[in-house]
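In the numbering used here, the protein residues as written are 1 to 415.
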């Protein structure tokens with residue numbers, strides 16, 4: 001099946017699939033679980049300037065979200081687990097499929113194989129210690145007692161040994177302490193009925209559907225999980241053909257885009273509703289819409305990261321946190337601003353923890369006329385007000401906002 005849609009429908013479909021439009025439709029701890037499942041992956045990052053990227057991502061989707069709620073549903077309720085070289089939270093009930101990928105990594109990934117060979121003794125030692133102590137962290141081993149390594153995965157052989165066992169599925173994250181993993185044997189973390197491998201065919205179909213669901217519209221570019229370690233290219237194309245024939249996936253042509261993309265077959269009705277100008281009932285916001293209250297996208301949000309914002313929104317966004325200061329165009333921790341179904345601005349900020357003040361360092365509009373738009377000013381102020389509460393700040397410093405209307409409304413509403 002091939003269907004054709006316009007760019008506006010494509011934007012709304014991708015935003016809606018990710019829970020970012022037309023407004024927050026989940027709330028609290030239960031909503032956090034629902035949001036992570038809808039997102040398919042929650043990418044994790046240790047950097048904490050305002051809040052960590054994963055917490056900002058969930059704040060933009062979940063009413064009453066508090067930092068680290070994702071850890072409650074992951075490490076306390078065991079609804080999810082975190083794993084991978086591309087570090088992300090994944091639903092626990094998907095574990096049998098990911099254990100296929102773990103085995104593929106163990107058997108064929110050159111870096112993982114080298115780790116096993118170079119640190120075999122330390123790996124065996126960690127297996128024994130894990131059985132004795134139940135939960136083990138990298139900090140449990142003093143540097144003076146370990147062999148020093150040069151890997152970015154760790155500076156001690158014990159750290160690399162634990163990382164190897166985690167990547168290959170013998171251990172899982174038990175919990176995190178200041179974002180650092182504490183490990184435990186897999187059988188003490190995951191339900192017994194999930195500690196198995198699905199078939200190769202099931203895993204490859206799952207991985208393709210996972211990638212398509214994650215992107216909303218996908219060209220199946222991120223193939224390392226399924227193709228490099230599993231299906232060769234010719235077999236992969238055959239599998240895609242079979243999935244198209246079965247209706248698991250459909251082809252979608254977006255007007256203005258050269259290549260056709262894939263969507264899940266189960267999303268056919270949603271695309272039809274959006275094409276007809278309707279909002280799916282399941283997407284009904286619990287409170288404000290994104291026209292009434294702007295949403296700030298996390299630095300690693302899949303909707304806007306890695307050049308995707310330019311394709312979807314004609315919005316050129318680069319997270320500049322790892323750029324040298326002279327090369328930054330906007331700022332260290334700049335976040336895109338979603339109003340309605342468009343990215344219309346960005347801002348840089350910091351949290352001054354000595355005065356508990358959320359400080360706007362700069363605000364840049366894509367269209368200067370927004371600086372005099374009353375509706376946008378109100379929506380921006382509402383977004384800042386909710387963000388200040390989320391951060392636990394007591395006040396907002398908006399002096400750096402150049403537009404008088406936007407500065408005044410933000411300051412009045414928040415304070």
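Even for Gly, the Cβ is constructed at its ideal location relative to N, Cα and C. This one's a predicted model, so the numbers in the text were calculated from it and none came from an experiment.
- Distances from the alpha-carbon of residue 294 to those of 148, 259, 208 and 384 put 384 closest.
- For residue 98, the closest C-alpha among the options 194, 401 and 237 is that of 194.
- A contact between stretches requires three or more CB pairs, one per stretch, nearer than 8 Å, and the stretch 25-43 fails this requirement with the stretch 7-15.
- Closest in C-alpha terms to residue 159, from the list 192, 191, 123 and 175, comes 123.
- In this structure, the beta-carbon distance from residue 296 to residue 250 does not fall below 9 Å.
- Annotated as proximal: residue 188 and residue 134, with beta-carbon spacing under 9 Å.
- If you draw a straight line from the Cα of residue 172 to the Cα of residue 78, it is about 11 Å long.
- The DSSP-derived three-state label of residue 186 is helix.
- Beta bridge pairing from DSSP links residue 82 with 89.
- By the beta-carbon neighbour count (other beta carbons within 10 angstroms, threshold 16), residue 368 is exposed.
- Close CB contacts of residue 183 within its chain, under the 8 Å cut and outside five residues either way in sequence, are with 130, 135, 136, 137, 162, 165, 166, 171, 172, 173 and 174 (chain order).
- Residue 173 carries a strand assignment under DSSP once its states are collapsed to helix, strand and coil.
- When DSSP assignments are scanned along the stretch 243-295, the uninterrupted stretches of beta strand (DSSP E) that are 3 or more residues long and fall wholly within it turn out to be 249-254 and 261-264.
- For residue 342, the enclosing beta strand (DSSP E) starts and ends at 342-352.
- Residues of the same chain with a CB within less than 6 Å of the CB of residue 3, apart from the 5 flanking positions on each side, are 252 in chain order.
- Residue pairing by DSSP places residue 135 opposite 184 in a beta bridge.
- Assignment of beta strand (DSSP E) within the stretch 326-405, counting only whole runs of 3 or more residues, yields 335-339, 342-352, 357-365 and 395-397 in chain order.
- Using a C-beta cut-off of 8 Å, the stretch 85-100 makes no contact with the stretch 55-68, since fewer than three inter-stretch Cβ pairs fall below that distance.
- Residue 139 and residue 371 have their C-alpha atoms some 50 Å from each other.
- Assigned with DSSP and collapsed to three states, residue 70 falls in helix.
- If you draw a straight line from the Cα of residue 80 to the Cα of residue 5, it comes to about 34 Å.
- Look at residue 149 here: in three-state DSSP terms it is coil, with no helix or strand label.
- Counting along the chain, no beta strand (DSSP E) covers residue 29; the unbroken alpha helix (DSSP H) around it starts and ends at 28-39.
- Partner residues in the beta bridge of residue 4, as assigned by DSSP, are 253.
- Remark: C-beta atoms of residue 197 and residue 103 approach each other more closely than 9 Å.
- If you look at residue 58, you'll find it in the alpha helix (DSSP H) that goes 53-59.
- A straight line joining the alpha-carbon of residue 76 with that of residue 56 spans about 20 Å.
- Taking a contact as a CB-CB distance under 8 Å, the pair residue 351 and residue 393 counts as one, their CB atoms being some 6 Å apart.
- Taking 9 Å as the cut-off, the Cβ atoms of residue 335 and residue 376 do not count as close.
- Its chain contains 67 as the residues whose beta carbon lies nearer than 6 Å to that of residue 51, once the 5 sequence neighbours on both sides are disregarded; these appear in chain order.
- Comparing alpha carbon positions, the residue from 389, 291 and 305 closest to residue 21 is 291.
- The Cβ atoms of residue 1 and residue 268 sit closer than 9 Å to each other.
- Closest option to residue 279, judged by alpha-carbon separation, among 341, 261, 312 and 94: 341.
- Distance from the Cα of residue 316 is smallest, within the candidate group 326, 239, 305 and 325, for 305.
- Here residue 77 carries a coil assignment [DSSP, helix/strand/coil].
- Approximately 5 Å separates the beta-carbon atoms of residue 362 and residue 348; this is inside 8 Å, confirming the contact.
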